[in-house]
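J.: Each protein sequence line maps, in turn, to chains A and B.
Under our numbering, the first residue of the first sequence is numbered 68, with each subsequent residue one higher.
Under our numbering, the first residue of the second sequence is numbered 20, with each subsequent residue one higher.
Supplied in structure tokens, the structure appears directly below.
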Amino acid sequence: MNHPEIRERIMALEDGELAAAERAELEAHLSGCASCRAALDGWRAARRAFFSRKRPKPTRAETEFFVRAVMARVEKPAFDWKKLVAPAFGLAFATAALSLAFPRTPADPAEALIERETGLYAWASQPAPASHDEVLAFATEDR
Amino acid sequence: MTNETDQELIARAQRGDQDAFAELVRRHHSGVLALCRSMLGDDAAADDAAQDVFLKTYRSLKGFRGDAALSTWLYRVASNRCLDILRAAGRAKTQSLDALLEDEGERVQALVAQEGPERSAADAELVKRVLAALPEGYRLILTLREVSGLTYDELCETLDCSLDAVKARLRRARLEFAEKLRHIEGSDRV
Chain A
68 MNHPEIRERI MALEDGELAA AERAELEAHL SGCASCRAAL DGWRAARRAF FSRKRPKPTR
128 AETEFFVRAV MARVEKPAFD WKKLVAPAFG LAFATAALSL AFPRTPADPA EALIERETGL
188 YAWASQPAPA SHDEVLAFAT EDR
Chain B
20 MTNETDQELI ARAQRGDQDA FAELVRRHHS GVLALCRSML GDDAAADDAA QDVFLKTYRS
80 LKGFRGDAAL STWLYRVASN RCLDILRAAG RAKTQSLDAL LEDEGERVQA LVAQEGPERS
140 AADAELVKRV LAALPEGYRL ILTLREVSGL TYDELCETLD CSLDAVKARL RRARLEFAEK
200 LRHIEGSDRV
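The following block contains the structure:
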């Protein structure tokens with residue numbers, strides 16, 4: 068292997084991407100090549116300085132605060148009228164169909180008589196005259 | 020907290036269950052926020068960007084077919100959002116990496132020479148400035164690999180490119196970054 072190829076493989080070595088045989092071959096080269104070794108050491112020092120510092124993870128409270136902030140910005144789903152209207156129509160249709168199929172008949176003959184008479188009374192009864200003028204007008208009209 | 024898988028929660032969220040989506044946000048908040056922080060270098064801007072990422076995800080949730088993991092999809096949306104923000108703010112960037120390394124060479128050199136993971140507040144600020152000065156393509160792939168810990172396959176899906184392209188981009192970003200840092204040491208010795 069020449070040096071440019073070695074440099075390419077150095078990073079694969081760093082990431083544990085090399086097979087055992089390749090790894091052994093590369094390590095043998097690194098032990099005897101100062102410039103390739105310097106390239107690897109240079110990157111390791113850079114990584115330690117700039118990428119090894121572990122920042123504290125957000126606390127549970129910070130995460131909950133964040134979740135609320137996100138969810139407050141999330142659009143609420145629009146109210147789906149179809150979900151309400153369809154069952155209402157269904158119920159109305161079913162009720163109408165049942166009333167036609169099974170018309171209501173009072174089981175008690177007395178109740179049936181009251182219902183019939185009440186209807187007749189409502190038809191026959193007239194409001195009582197409220198004044199003498201109305202009585203006079205009624206009488207005059209009869210003549 | 021629920022034991023449901025992401026796929027189950029996504030299916031519920033696709034049917035309009037907002038509680039299911041809230042749980043997905045809860046699960047992936049940390050990863051998305053870390054990526055945005057590393058890319059943008061500003062906590063408040065990163066928080067806003069992370070919110071945008073989840074909103075965009077929610078709005079396109081119906082089209083999610085589950086070919087890739089949700090986390091990969093989120094990283095892709097987050098990467099694009101951060102790149103948009105960086106490009107929009109491009110004019111406001113004050114220093115290139117070369118200029119920064121020239122100005123702060125000694126401090127950067129001392130930082131690279133440190134062994135332990137502990138950093139002072141001033142060092143942490145310097146790390147942010149150096150990362151912010153990296154070309155955005157380098158910053159993105161280095162962040163996805165080194166901060167978010169994505170595998171090569173996940174990088175392919177997130178960046179929408181081939182395995183060879185991912186390897187080449189990662190190698191170039193790492194070696195060029197390390198080379199620039201080595202130049203500081205070299206110039207210091209002269």
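We treat Cβ as the ideally placed atom computed from N, Cα and C, and that holds for glycine.
Since the model is a prediction, treat every value here as computed from it, not as a measurement.
On the criterion of 16 or more Cβ atoms from any shown chain inside 10 Å, does A:Ala116 qualify as buried, or is it exposed?
T.: buried
J.: Along the chain, where does the alpha helix (DSSP H) that runs through B:Gln128 open and close?
T.: Gly124 to Ala132
J.: How about A:Met138 and B:Ala107: are their beta carbons less than 8 Å apart?
T.: No, Cβ-Cβ distance for A:Met138 and B:Ala107 is not below 8 Å.
J.: How many angstroms separate the CA atom of B:Arg191 from the CA atom of B:Arg201?
T.: 15 Å
J.: Should B:Gln70 go down as buried or exposed, given a rule of 16 or more other Cβ atoms within 10 Å for buried?
T.: buried
J.: Does the CB of B:Ala221 have a neighbour CB from chain A at under 8 Å?
T.: What the structure shows of chain B is the stretch from 20 to 209, and residue 221 of chain B is not part of that stretch, so it cannot be assessed.
J.: Applying the criterion that 16 or more other CB atoms from any shown protein chain within 10 Å of the CB defines a buried residue, is A:Phe132 buried or exposed?
T.: exposed
J.: Check whether chain B comes within 8 Å of A:Gly109, counting only Cβ atoms and requiring the distance to be less than that.
T.: With its beta carbon less than 8 Å from one in chain B, A:Gly109 belongs to the interface.
J.: Please work out which residues of its chain come closer than 8 Å, Cβ to Cβ, to A:Arg210, disregarding the five sequence neighbours upstream and downstream, and give them in chain order.
T.: Caution applies to A:Arg210, whose pLDDT of 49 falls short of 50 and renders its modelled position unreliable; the model cannot decide the point.
J.: From this set, B:Cys175, B:Ser167, B:Arg188 and B:Pro154, which residue's C-alpha is nearest B:Gly109's C-alpha?
T.: B:Pro154
J.: Use the C-beta contact count for B:Glu173: other C-beta atoms within 10 angstroms, 16 or more gives buried, fewer gives exposed.
T.: buried
J.: Give me the Cα-Cα distance between B:Leu80 and B:Leu150, rounded to the nearest whole angstrom.
T.: 32 Å
J.: On the three-pair Cβ rule with 8 Å, is the stretch 98-109 of chain A touching the stretch 30-41 of chain B?
T.: The stretch 98-109 of chain A vs the stretch 30-41 of chain B: no contact.
J.: Consider the Cβ of B:Ser79: report whether some Cβ of chain A lies at a distance smaller than 8 Å.
T.: no
J.: Can you list the alpha helix (DSSP H) stretches of 4 or more residues lying completely in the stretch 84-139 of chain A, in chain order?
T.: 87-99 and 101-118
J.: Taking only beta-carbon positions, decide if A:Arg90 is within less than 8 Å of chain B.
T.: no
J.: By how many angstroms is the C-alpha of A:Leu151 removed from the C-alpha of B:Thr170?
T.: If you take the alpha carbons of B:Thr170 and A:Leu151, they lie about 49 Å apart.
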